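J.:
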Amino acid sequence: MTTPEYASERETTEGRVFTVTGGDWDSVTSSIDPLSNEKIVVNMGPQHPSTHGVLRLVLELEGETVTECRPVVGYLHTGIEKNLEYRTWTQGVTFVTRMDYLSNMSNEAAYCLAVEKLLGITDQITERASTIRVMFMELQRIASHLVWLATTGMELGAISMMLYGFREREYILDIFEETSGLRMNNGYIRPGGLAQDLPESAVKKIRDFLVYLPKKLKEYEAMLSGQVIWQKRTQGVAVLDVTGCLALGVTGPVLRAAGLPWDLRKTMPYAGYETYEFNVPTATTADVWGRYLVRLAEIRESLGIVEQALDRLKPGPIWVADKKIAWPAQLALGVDGLGNSLEHVAKIMGQSMESLIHHFKLVTEGFRVPPGQVYVAVEHPRGELGVHAVSDGGTHPYRVHYREPSFVNLQAIPAMAEGALLADVIAGGASLDPVMGGCDR
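Numbering (the working numbering), first residue to last: 1 to 441.
1) On a CA-only basis, which of F407, P281 and P317 is nearest G438? Give me that one, please.
2) Would the beta-carbon of H396 fall within 8 Å of that of T88?
3) If we count the other Cβ atoms within 10 Å of its Cβ and call it buried at 16 or more, is H145 buried or exposed?
4) Take the Cβ of Y375 as the centre, count every other Cβ of all protein chains shown within 10 Å, and call the residue buried at 16 or more, exposed below.
5) Look at the alpha carbon of G386 and the alpha carbon of A109, and state the distance between them as a whole number of angstroms.
6) Where does Y276 fall in DSSP's three states?
7) Under three-state DSSP, which class holds G236?
8) Which runs of the alpha helix (DSSP H), 4 residues or longer, sit entirely within the stretch 164-241?
9) Going by C-alpha distance, which of K39, G53, V41 and V42 is nearest M436?
10) Within this structure, are the beta carbons of V320 and I125 separated by less than 8 Å?
11) Just to confirm the assignment, what range does the beta strand (DSSP E) spanning I40 have?
12) On the CB-based measure, 16 or more other CB atoms within 10 Å of its CB, does L163 come out buried or exposed?
13) Comparing C-alpha positions only, which one of A415, E404, D424 and G419 sits nearest to I80?
14) How long is the line joining the alpha carbons of A257 and S103, rounded to whole angstroms?
15) Could you give the residue range of the alpha helix (DSSP H) that holds L118?
16) To which residues of the same chain is A271 closer than 6 Å at the C-beta, ignoring the five residues directly before and after it?
17) So S431 and V250 are in contact, right, with Cβ under 8 Å, and what is the actual spacing, rounded?
18) Buried or exposed: which applies to D478, given that a residue is buried once 16 or more other Cβ atoms fall within 10 Å of its Cβ?
19) Whole-angstrom Cβ separation of E384 and L264, contact assumed at under 8 Å?
20) Taking a contact to mean a Cβ-Cβ separation below 8 Å, would you say P381 touches N409 in this structure?
21) Can you tell me whether M353 is buried or exposed, with buried defined as 16 or more other CB within 10 angstroms of its CB?
22) Beta strand (DSSP E) containing R128: first to last residue?
23) On a CA-only basis, which of R128, T284 and V58 is nearest P317? Give me that one, please.
24) For the 8 Å Cβ check, are there 3 or more pairs between the stretch 202-220 and the stretch 167-177?
25) Taking just the CA atoms, how far does K82 sit from R399?
26) Assess, as a yes-or-no matter, whether the stretch 219-235 is touched by the stretch 147-162 under the definition of 3 or more beta carbon pairs within less than 8 Å.
27) From which residue to which residue does the beta strand (DSSP E) around G53 run?
28) Go through its chain and collect everything with a Cβ distance to V280's Cβ below 6 Å, but skip five positions before and after it.
29) Buried or exposed: where does D424 fall if 16 or more other Cβ atoms within 10 Å of its Cβ makes it buried?
30) If distances are taken between C-alpha atoms only, which option among A427, P371, A415 and D440 comes closest to G120?
31) Sorted by chain position, which residues of the same chain lie with C-beta nearer than 6 Å to A50's C-beta, five sequence neighbours on each side aside?
32) Quick one: give me the first and last residue of the alpha helix (DSSP H) that R301 is part of.
33) On a CA-only basis, which of A412, K39 and E64 is nearest V239? Give me that one, please.
34) Based on Cα-Cα distance, which residue from V378, V369 and E379 lies nearest to D392?
35) How would you call T179, buried or exposed, if buried means at least 16 neighbouring beta carbons within 10 angstroms?
36) Could you check where the alpha helix (DSSP H) with E85 kicks off and where it finishes?
What follows is the structure, given as structure tokens:
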């Protein structure tokens, strides 16, 4: 008698006993399951153009149906959080702005709010600085949603949307450049205030943009919302209801598209958001279509917030009064970017030795932050962006950790992808709007 290759045997007083192992399971099931030979494993990414950066999805397929999906992250790891421990509190802004490179202002604002809470100066931030912060965070939200609309449109076949979305985003980047000297990675929001005041030329550009964009949004809706292909690729695709979102910690437009109006600007206000009038858009479909509608509506609400901020903008200081925290120089934009104004340098070098010493100490060593730890969260374009900052009383952070919405929301991809078609993995992943710089950091 031939011994089965999948079961060892031994003789006992009760007869022959077989020990069955699972090592041959594939060969056993192949005689039963006609699809087992068609199962394939596909690496989608990390170089795939539709994974929004260097994201790798390991997909197991039966035909075109996804039976298993495993996200693999870490390909864009920059060590930003660790680097913060070796820089002053002010220098940290230069690092955090580069995490989610589509939401620089939100990254900076969350970090600075945390540092200011540790310093105990939250109530000392000037009205003008808070108003400009809100304005720029909302402009950043619009720019981020425009990139989402552009890239998702391209991935689902609406290539024209790619051109239009980036075209409109350029207007916002022009405003940022006019104010901070940089289009991205601005380092504009600083602990205690802002790097530079808002120039009148930027105010005019913002007002022009408030007139320009609403017309373009109507064009986008006319091009996409009634388009049959767009509807088929988004409606009923990648469904994740409120229960699933809460179980996985998903926040932002994905959660609101499932019907829960959770927006930190309303539920846990910061930076004076409680004084602005705006609605929290929601949908009930919990699919890609609902997320599209929510993001379009959020762009319109952000435009309203920006207009309110412009109307209440009053002349005044942009730094806290405490000179031990406020940057000592009035920064100025020159041909080579943002730097100390030449007038200030001439003054401290030629007239005031005390000012020169103070400038040198604050810039090179930085201010000291009292020991303690805080958690501060803001409503990022992709959801809740939280900062856990720990100080040991020194001039450098002891630890800074970000609760990054792109990283948390990526947990939802298997829940949305498994059991669906391969093509719908693209739509579902895009609807989360992950930015891998923020996810890996």
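Just so you know, even glycine gets a beta-carbon here, dropped at the ideal spot from N, CA and C. A quick note: this is a predicted structure, and the numbers were derived from the prediction, not measured.
T.: Let me lay it out:
1) Translated into the one-based positions of the sequence shown, residue 438 becomes position 438. The shortest Cα separation from G438 among F407, P281 and P317 belongs to F407.
2) The sequence position of residue 396 within the sequence shown is 396, counting from 1. The sequence position of residue 88 within the sequence shown is 88, counting from 1. Closer than 8 Å, so yes.
3) The residue you call residue 145 lines up with position 145 of the sequence shown. Burial call: buried.
4) Numbered from its first residue, the sequence shown carries residue 375 at position 375. The residue in question, Y375, is exposed, as its Cβ has fewer than 16 Cβ neighbours within 10 Å.
5) Stepping through the sequence shown from its first residue, residue 386 is reached at position 386. Stepping through the sequence shown from its first residue, residue 109 is reached at position 109. Cα to Cα, G386 sits roughly 11 Å from A109.
6) Residue mapping note: residue 276 aligns to position 276 of the sequence shown, counting from 1. Of the three classes helix, strand and coil, the one that applies to Y276 here is coil, per DSSP.
7) Position 236 of the sequence shown, counted from the first residue, corresponds to residue 236. Three-state DSSP puts G236 in coil, outside helix and strand.
8) Secondary structure within the stretch 164-241: the alpha helix (DSSP H) runs of 4 or more consecutive residues, fully enclosed, are 200-224 and 228-234 (chain order).
9) Stepping through the sequence shown from its first residue, residue 436 is reached at position 436. Among K39, G53, V41 and V42, the Cα nearest to that of M436 is on G53.
10) Walking along the sequence shown from the start, residue 320 turns up at place 320. Walking along the sequence shown from the start, residue 125 turns up at place 125. Against a cut-off of 8 Å, the Cβ pair of I125 and V320 comes out as a contact.
11) Indexing the sequence shown from 1 puts residue 40 at position 40. Where I40 is concerned, the enclosing beta strand (DSSP E) starts and stops at K39 to M44.
12) Mapped onto the sequence shown, residue 163 falls at position 163. Looking at its Cβ environment, which holds fewer than 16 other Cβ atoms inside 10 Å, L163 is exposed.
13) On the sequence shown, residue 80 is found 80 positions in, with the first residue counted as 1. For I80, the nearest C-alpha among the options comes from E404.
14) Residue 257 sits at position 257 when you count from the first residue of the sequence shown. Residue 103 sits at position 103 when you count from the first residue of the sequence shown. About 21 Å.
15) What you label residue 118 is simply residue 118 of the sequence shown in a count that begins at 1. From DSSP, the alpha helix (DSSP H) with L118 extends over N104 to L119.
16) To locate residue 271, count along the sequence shown from 1; it is residue 271. Taken in chain order, the residues that qualify are S130, R133 and V134.
17) One-based indexing of the sequence shown puts residue 431 at position 431. One-based indexing of the sequence shown puts residue 250 at position 250. Between V250 and S431 the Cβ distance is about 11 Å, and since that is not below 8 Å, they are no contact.
18) A query on residue 478 cannot be resolved here, the shown segment of the chain reaching from 1 to 441 and no further.
19) In the sequence shown, residue 384 corresponds to position 384, counting from 1. In the sequence shown, residue 264 corresponds to position 264, counting from 1. Sure, about 6 Å apart at Cβ, within 8 Å.
20) Within the sequence shown, the letter at position 381 stands for residue 381. Within the sequence shown, the letter at position 409 stands for residue 409. Cβ atoms of P381 and N409: not closer than 8 Å.
21) Position 353 of the sequence shown, counted from the first residue, corresponds to residue 353. Exposed, since its Cβ has fewer than 16 Cβ neighbours within 10 Å.
22) Position 128 of the sequence shown, counted from the first residue, corresponds to residue 128. Unbroken run through R128 is the alpha helix (DSSP H), E127 to E155; no beta strand (DSSP E).
23) Walking along the sequence shown from the start, residue 317 turns up at place 317. P317 has its Cα closest to that of R128, out of R128, T284 and V58.
24) yes
25) Start at 1 with the first residue of the sequence shown, and residue 399 comes out as number 399. Start at 1 with the first residue of the sequence shown, and residue 82 comes out as number 82. Going by the C-alpha atoms only, they are around 8 Å apart.
26) yes
27) Residue 53 sits at position 53 when you count from the first residue of the sequence shown. Counting along the chain, no beta strand (DSSP E) covers G53, and no H or E run does either.
28) Position 280 of the sequence shown, counted from the first residue, corresponds to residue 280. So the list reads P261, D263 and K266, once near-sequence residues are dropped.
29) Your numbering for residue 424 matches position 424 in the sequence shown. Label assigned to D424: buried.
30) Your numbering for residue 120 matches position 120 in the sequence shown. Looking at the Cα atoms, P371 is the closest of the given residues.
31) To locate residue 50, count along the sequence shown from 1; it is residue 50. For clarity, residue 50 is Ser in the given sequence; the question names Ala instead. Excluding sequence neighbours, S50 sits near E155 and I426.
32) Along the sequence shown, one-based indexing puts residue 301 at 301. It should be noted that the sequence gives Glu, not Arg, for residue 301. Here the alpha helix (DSSP H) through E301 covers V288 to D311.
33) In the sequence shown, counting from the first residue as 1, residue 239 sits at position 239. For V239, the nearest C-alpha among the options comes from A412.
34) Taking the sequence shown and counting its residues from 1, the one referred to as residue 392 is at position 392. That would be V369, whose Cα lies nearest to the Cα of D392.
35) To locate residue 179, count along the sequence shown from 1; it is residue 179. Only buried fits T179, as 16 or more other CB atoms lie within 10 angstroms of its CB.
36) Reading the sequence shown from its first residue, position 85 is the one you call residue 85. Neither: E85 is in no alpha helix (DSSP H) and is coded neither H nor E.
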